[in-house]
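Student: My structure is below; once you've seen it, I'll send some questions.
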Amino acid sequence: MSKLAFLFPGQGAQKTGMGKDFYDNYQSARQVFDDASQWLNLDMKELIFEKNEKLDATQYTQAALVVTCLAMEKVLADQGVCPDVTAGLSLGEYCAIQVAGGISLKNAVTTVRKRGILMEEAYPSGKGSMAAVIGLSADEVKDILKDENNVSIANYNCPGQIVITGIKTEVEKASVRLKEAGARRVLPLNVSGPFHSPMMEEAGIKLKKVLDEVEVDRLEIPYVTNVTAKYVTDECQIKDLLSRQISSSVLWQQSIENMISKGVDTFVEIGPGKTLTGFMRKINRDVKMYHIQNIEEMEQTVTSLK
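Heads up, the sequence shown is in numbering that gives the first Met the number 0, so the first residue is 0 and it goes up one at a time.
Rendered as structure tokens:
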């Protein structure tokens with residue numbers, strides 16, 4: 000029996016105008032954007048639909064992307080398309096948990112706004128960085144970084160793509176060594192800090208205090224956590240896993256492989272960009288992969304799935 004998973008992208012996928020066609024054409028999507036504007040005291044239409052430098056600032060990006068992805072998902076749900084399991088890359092995990100029933104829409108939106116502020120404040124701007132390493136295996140990257148105290152692996156995205164994180168000067172030095180070891184490319188990422196590194200542990204402690212005030216609900220379906228790549232079925236684990244997530248490696252490839260091993264054969268990426276679709280092509284080409292970032296793609300996906 001076919002099983003369906005919804006996937007949600009992480010920070011970096013955002014772009015001006017994302018979700019506007021959903022806002023213009025569907026009341027359920029419009030409600031998500033408008034409610035979020037009230038909850039956050041931020042004009043989400045101005046932030047997302049108009050050219051705005053704030054959209055790339057972590058404290059705004061995170062709320063903007065989560066609101067957009069969840070607005071799209073609500074429209075998809077209205078079409079009768081519902082997943083058996085969910086997962087999200089880093090920030091996207093909040094969307095995954097919300098769709099799985101673990102937290103309310105309001106709590107998802109207000110929590111990621113606070114998360115974005117904490118992550119932006121956690122490390123002096125410009126002092127930390129991340130870089131994508133293309134063309135080396137995870138073991139090769141680990142071997143090169145084994146003597147490094149200030150550089151670690153942030154993301155296991157897919158075969159041949161690993162993200163490193165840490166102090167900016169040390170990441171730059173490690174990048175040179177990785178190229179010398181055979182990496183095809185090492186691409187600095189447009190982020191404001193060393194996310195998913197031990198340097199974010201203090202932010203994780205502060206985030207745990209925020210999460211302690213958030214009510215979690217019984218999960219209706221499982222989601223897969225970045226921290227362990229395992230299925231989460233007990234809502235009591237949510238707060239601990241989310242607080243650990245920002246200083247832990249994102250086990251994305253392992254998460255996808257786990258879902259496939261449990262019978263998931265169809266995936267839908269919901270949100271701007273096609274990053275997760277690209278990863279899937281490297282992880283497993285045998286599964287069905289759909290992507291939704293506009294109404295036309297949604298209609299095509301709904302037709303294919305029904």
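Glycine residues also receive a C-beta, built at the ideal position from the N, C-alpha and C atoms.
Ends of the alpha helix (DSSP H) at Cys94?
Tutor: Start at 1 with the first residue of the sequence shown, and residue 94 comes out as number 95. Residues 91-98.
Student: Reducing DSSP to helix, strand and coil, say where Ser342 ends up.
Tutor: Here the chain covers residues 0 to 305 and nothing more, so residue 342 does not appear.
Student: Counting only the same chain and skipping the five closest in sequence on each side, list residues whose C-beta sits under 7 Å from that of Ala182.
Tutor: Along the sequence shown, read from residue 1 onward, the residue named residue 182 stands at position 183. Val132, Ile133, Gly134, Leu135.
Student: CB Asn225 to CB Ile259, shorter than 8 Å?
Tutor: Numbered from 1 along the sequence shown, position 226 holds the residue referred to as residue 225. Numbered from 1 along the sequence shown, position 260 holds the residue referred to as residue 259. Their beta carbons are not under 8 Å apart, which means Asn225 does not touch Ile259 by this criterion.
Student: List the DSSP bridge partners of His290.
Tutor: As a working note, residue 290 is residue 291 in the sequence shown. Per DSSP, Glu268.
Student: So, helix, strand or coil for Ser321, using DSSP?
Tutor: Lying outside 0 to 305, the shown extent of the chain, residue 321 is not represented and no answer is given.
Student: Quick one: grab the DSSP three-state call for Phe278.
Tutor: Taking the sequence shown and counting its residues from 1, the one referred to as residue 278 is at position 279. Note: Phe278 maps to helix in three-state DSSP.
Student: Do the CB positions of Arg176 and Ile143 come within less than 8 Å of each other?
Tutor: Taking the sequence shown and counting its residues from 1, one reaches residue 176 at position 177. Taking the sequence shown and counting its residues from 1, one reaches residue 143 at position 144. In this structure, Ile143 lies closer than 8 Å to Arg176 by Cβ.
Student: Please report the straight-line C-alpha distance between Leu250 and Lys105, rounded to a whole angstrom.
Tutor: In the sequence shown, counting from the first residue as 1, residue 250 sits at position 251. In the sequence shown, counting from the first residue as 1, residue 105 sits at position 106. Straight-line Cα distance between these residues: approximately 27 Å.
Student: Compute the beta-carbon to beta-carbon distance between Cys81 and Gly87, rounded to the nearest angstrom, for a pair I have assumed lies under 8 Å.
Tutor: One-based indexing of the sequence shown puts residue 81 at position 82. One-based indexing of the sequence shown puts residue 87 at position 88. Not really, about 16 Å apart at Cβ, beyond 8 Å.
Student: What runs of the beta strand (DSSP E), each 3 residues or longer, lie entirely inside the stretch 142-225?
Tutor: Counting only runs of 3 or more, we get 150-157, 160-166, 184-187.
Student: Looking only at its own chain, which residues have a Cβ that is under 6 Å from the Cβ of Thr57, when we skip the five neighbours before and after it?
Tutor: In the sequence shown, the residue the question calls residue 57 occupies position 58. If we look at Thr57 and ignore the five residues flanking it on each side, its Cβ neighbours are Gly115, Met118, Glu119, Ser191.
Student: Under 8 Å between the Cβ atoms of Lys2 and Asp264?
Tutor: Residue mapping note: residue 2 aligns to position 3 of the sequence shown, counting from 1. Residue mapping note: residue 264 aligns to position 265 of the sequence shown, counting from 1. Cβ distance < 8 Å, so Lys2 and Asp264 count as in contact.
Student: Tell me where the alpha helix (DSSP H) around Ala86 begins and ends.
Tutor: The residue you call residue 86 lines up with position 87 of the sequence shown. Careful: Ala86 lies outside any alpha helix (DSSP H), inside the beta strand (DSSP E) at 84-87.
Student: Spell out a yes or no on whether the stretch 96-110 and the stretch 34-42 are touching, meaning 3 or more CB-CB pairs, one atom from each, closer than 8 Å.
Tutor: Because the criterion of three Cβ pairs below 8 Å is met, the stretch 96-110 and the stretch 34-42 touch.
Student: So what's Ile102 in DSSP terms, helix, strand or just coil?
Tutor: As a first step, residue 102 must be located in the sequence shown, where it is residue number 103. Residue state, collapsed to three classes: coil.
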